[in-house]
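Count along the sequence shown from 1, add 214, and you get the number used in this note's numbering. Glycine residues also receive a C-beta, built at the ideal position from the N, C-alpha and C atoms. Just so we're clear, the structure is a prediction, and the values are computed from it rather than from any experiment. Each remark here refers to the structure printed beneath this line.
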Amino acid sequence: MGVSGAGKSVIAQALAASTGWTMAEGDDFHPAANVEKMRSGQPLSAEDRRPWLRCIADWIGEQERAGLSSVVTCSALKRSYRDLLRDGHASVRFCQLDAPNAILKARLEGRRDHYMPPSLLHSQLRTLQPLEADEPGGRVNAEGDVPHVLSRVLQMLSRSSSCPSSCCWT
215 MGVSGAGKSV IAQALAASTG WTMAEGDDFH PAANVEKMRS GQPLSAEDRR
265 PWLRCIADWI GEQERAGLSS VVTCSALKRS YRDLLRDGHA SVRFCQLDAP
315 NAILKARLEG RRDHYMPPSL LHSQLRTLQP LEADEPGGRV NAEGDVPHVL
365 SRVLQMLSRS SSCPSSCCWT
């Protein structure tokens, strides 16, 4: 979880490859109206996000019922959004990827073929409610190359509270 440019997609892909877990790209769950809104430089409202988050929560439920450990990318910027993802899903754990604003901005400016414009970063940073101590998971420094960040994520996962037989990391 985290703001755009934190590395959610690339780190989730690396995590799935290293663990054999199922992986889903949270952006793929957005309805077309959300994508167009973001593409035009407008931030999403809580009302815009709710159906998207429910789709992700449904996917998490499918993974749980299948007994699969998995990882799904999702900004999950607010506590209430994370609560929605966890509601009825005991397996959910969060990994918040943090990086300095300058790195986030540079990553966004370097993207090609992505609908999220760098201009929305400030809105996401204002909206972000960092993971709290009573939420399952942890925060990871997302500075550096993929192998180093993945190593930090794997260390955090090994220290995190135990997962049920299957676990879904966001």
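| Query | Result |
| --- | --- |
| For the alpha helix (DSSP H) that Cys269 lies in, which residues bound it at each end? | Ala260 to Arg279 |
| Check whether the stretch 300-309 touches the stretch 272-283, counting contact only when three or more Cβ pairs, one atom from each stretch, lie closer than 8 Å. | yes |
| Going by beta carbon distance, what residues of the same chain come within less than 7 Å of Asp359, once the five residues before and after it are set aside? | none |
| Can you tell me whether DSSP reads Thr236 as helix, strand or coil? | strand |
| Could you compute how far the alpha carbon of Leu339 sits from the alpha carbon of Gln310? | 13 Å |
| From Thr236 to Gly255, what distance separates their C-alpha atoms? | 31 Å |
| Give me whichever residues DSSP pairs with Arg353 in a beta bridge. | Gln310 |
| Look at Pro350 and Val306 and say whether their C-beta atoms are less than 8 Å apart. | yes |
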